[in-house]
Every structure is written in C-alpha cells, then in structure tokens.
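Colleague:
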Amino acid sequence: MFTDRAADSDEADLFRPSEYSAALIQALREAAPRVKGARVLEIGFGSGVILAAMVASGAAKVVGVDLEPAAMRAGLALFREQHLGDRLELLAGDMFEPVQNRQFELVVANLPQFPTRDNGFDSRLRSWSDGGPDGRRYLDRFIAGVAAHLAPTGSAFITHNGCVGLDLSRRLAAKYELGLRIVRTELVILPDQKLHHMNPDILAAERGASLHIIGNTMFADMYVVELAAHLPLA
Ligand SMILES: C[S@@+](CC[C@H](N)C(=O)[O-])C[C@H]1O[C@@H](n2cnc3c(N)ncnc32)[C@H](O)[C@@H]1O
Numbered sequence: 000m001f002t003d004r005a006a007d008s009d010e011a012d013l014f015r016p017s018e019y020s021a022a023l024i025q026a027l028r029e030a031a032p033r034v035k036g037a038r039v040l041e042i043g044f045g046s047g048v049i050l051a052a053m054v055a056s057g058a059a060k061v062v063g064v065d066l067e068p069a070a071m072r073a074g075l076a077l078f079r080e081q082h083l084g085d086r087l088e089l090l091a092g093d094m095f096e097p098v099q100n101r102q103f104e105l106v107v108a109n110l111p112q113f114p115t116r117d118n119g120f121d122s123r124l125r126s127w128s129d130g131g132p133d134g135r136r137y138l139d140r141f142i143a144g145v146a147a148h149l150a151p152t153g154s155a156f157i158t159h160n161g162c163v164g165l166d167l168s169r170r171l172a173a174k175y176e177l178g179l180r181i182v183r184t185e186l187v188i189l190p191d192q193k194l195h196h197m198n199p200d201i202l203a204a205e206r207g208a209s210l211h212i213i214g215n216t217m218f219a220d221m222y223v224v225e226l227a228a229h230l231p232l233a
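Numbering-wise, numbering that gives the first Met the number 0 puts 177 at position 178 of the sequence shown, and it's gapless, one number per residue.
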C-alpha cells in the first residue's frame, strides 16, 4: 500500500478532481441512460466526485474501491449528508479484490497511468497518477480483471492516456473478449512539474505523436474509452 502522507496534508487538495475526472464525468453524462438504474462500480474513487455524478444520474447502487485511507475519509465526508443508505458502498482495497464474484452494469475508472521515471510527485500522493515506467501498471490489471465484473450487457468507461498505447489496450481487451471504442478525445495540458517526472523514453517516442508542443506548452492526447463484450473485437 502507498503511504498515508495525506494525514499530514490538506486531504481535499490531494484528491481534487482533474481534467481527467471532468472528461469521464462528461462521457458518463452523455451515456446517461446506461447510468440510470445501473449498479455502478468505480475503481479508485479518490474524492468520490465520479460516484457523486453517478448518484445524481440515478444509479441504483454505487460501489467505490480505493486503496488510500485518505480517499475513504474524503468519500465518507462527501456523502455524509446524503443519506444514501445501501445505495452507496465504499470499500478499501486493491483494484477488484474487494468485489470478488460481483457484477455491475457499469464499471468506471480514472486510473493512475502516468509513465514515470521516478517516485516523486510534488503535490499529490504517488498513487494518484504513477502508472509505473510504461504507465500501464493499473490499466493492464484493470483490462485483465474487468470482464469478470461486467453484467452480460455491461460496459466499462475509463480514461486512457494516448502516450501509453491505445492499441496495446485494444489487443489486451480482445484477449478477454472485450471490444474497445473511443467515446471522447481530449487534449490535456502536461505541466512542467509533471513532465519532469515522465519516463524520458516515452517522452521522446511520443513527441509529435500523442504529445504536442504548442507554443511553450506540452499537450497530450487523452481518451475516454468504453470496453464491452458487445463491441467489435480488435
Ligand atoms: C487519478 S485518481 C482518480 C480519482 C477520482 N476517481 C477522480 O477521477 O477524480 C486515481 C485513484 O486511484 C486510487 N488507486 C491507486 N491505485 C489503486 C489500486 N491499486 N486499487 C484501488 N485504488 C487505487 C488512488 O488512491 C486515487 O484515488
């Protein structure tokens, strides 16, 4: 488990939603009929903002998993006044481990997927965005594990950095009989303090491909993708 550095910090700031959170919420707003009445699972709920959006869109049940104790405190604080009863379940643990043998119509995730060259992250917990050297440490585990947690007509919606290989994800998903389609394409800013921690090999390989210098600013392609058995396989 990662450190509980949040105990010494402003926890609300550690879990503040990002452009990625916003893009995922917007994709799910556009898919509102899938959310209404659904059992929804989120892996890595952080502040709880995406679960809150699912509650607002009429999900029948929302289940969140996160491995950071501070996320549990943030989530409980967010929902304290809402009296959701058994519509809400927040579980501590690693990825799908706390929801073994359970299925959902919708699984959502904005996973750590930044390809790092070191362990340093200045203003967030490392578990917020550190996806390991290739950025795929959690994406690969998610894609390998999600099919077992999807109801027969279910879908997963996840954020996906362009620089960590959409085709790799497409091929991995096909191994588990899941198709992958791009739901939204976004351009996000890669600030200098984040670039400083990026795996230099990926930075060099992706410049001009999924990473774009415009003026003095580095931008990155980011997607929201859907994974589902009812989509065509790669
Ligand atoms: C990029 S943040 C997303 C938070 C929130 N869903 C949002 O979009 O604002 C990633 C979240 O995943 C959690 N996380 C990291 N590794 C995890 C793991 N192995 N199992 C469960 N949660 C994990 C982190 O604690 C963090 O809250």
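All residues carry an ideal CB built from backbone N, CA and C; glycine is no exception. Keep in mind it's a predicted model, so treat the numbers as computed, not measured.
#1: Verify the contact flag: S56, CB atom, against every heavy atom of ligand 1, threshold strictly below 6 Å.
#2: By how many angstroms is the C-alpha of V187 removed from the C-alpha of A37?
#3: Using DSSP's beta-bridge definition, name the partner residues of F113.
#4: I think Y137 touches R183, with their Cβ atoms under 8 Å apart; what is that distance to the nearest whole Å?
#5: Jot down the residue ranges of each uninterrupted alpha helix (DSSP H) in the region 60-120, minimum 4 residues, whole runs only, in chain order.
#6: Would you decide whether I24 is buried or exposed? Buried here means 16 or more other CB atoms lie within 10 Å of its CB.
#7: Buried or exposed for R79, please, with buried defined as at least 16 other CB atoms from any protein chain shown within 10 angstroms of its CB.
#8: Take D93 as the anchor and find which of L194, Q192, D65 has the nearest alpha-carbon.
#9: Flag this pair as touching only if the region 222-232 and the region 170-184 have three or more C-beta atom pairs under 8 Å; answer yes or no.
#10: Can you tell me whether F156 is helix, strand or coil according to DSSP?
#11: Does the Cβ of N215 have 16 or more other Cβ atoms within 10 Å, making it buried, or fewer, making it exposed?
#12: Which same chain residues end up closer than 6 Å to K60 when comparing Cβ atoms and leaving out the 5 residues on each side of it in sequence?
#13: Is A227 helix, strand or coil when you go by DSSP?
#14: Look at the alpha carbon of D211 and the alpha carbon of G63, and state the distance between them as a whole number of angstroms.
#15: Give the straight-line distance between the Cα atoms of A203 and G57, rounded to the nearest whole angstrom.
#16: I'd like the ranges of any alpha helix (DSSP H) spanning at least 4 consecutive residues and lying wholly in the region 169-229.
#17: Enumerate in chain order the residues of its own chain whose CB-to-CB distance from L77 is below 7 Å, with the five nearest sequence positions on each side excluded.
#18: Determine the extent of the alpha helix (DSSP H) in which V145 is found, giving its start and end residues.
#19: Can you tell me which of M197, P199, G207, R180 puts its alpha carbon nearest to the alpha carbon of P231?
#20: According to DSSP, is L232 helix, strand or coil?
#21: What three-state label does DSSP hand R28 in the structure shown?
#22: Taking the C-alpha atoms as reference points, what is the distance between A6 and A233?
#23: With G134 and P114 assumed to form a contact (beta carbons below 8 Å), what rounded beta-carbon distance in angstroms separates them?
#24: Give a single yes or no on whether M94 has its beta carbon closer than 6 Å to a heavy atom of ligand 1.
#25: Taking the alpha-carbon positions, what's the G153 to V107 distance?
Modeller: Let's see:
#1: no
#2: 30 Å
#3: D129
#4: Rounded, the Cβ-Cβ distance is 20 Å, inconsistent with contact.
#5: 68-78
#6: buried
#7: exposed
#8: D65
#9: yes
#10: strand
#11: exposed
#12: R38, R86
#13: strand
#14: What sits at residue 211 in the sequence shown is His, not Asp. Whole-angstrom Cα-Cα distance: 34 Å.
#15: 44 Å
#16: 191-194, 199-205
#17: S46, G47, A51
#18: 136-145
#19: R180
#20: coil
#21: helix
#22: Bear in mind that a pLDDT of 45 at A6, under 50, signals an unreliable position, so the model cannot answer this.
#23: 4 Å
#24: yes
#25: 11 Å
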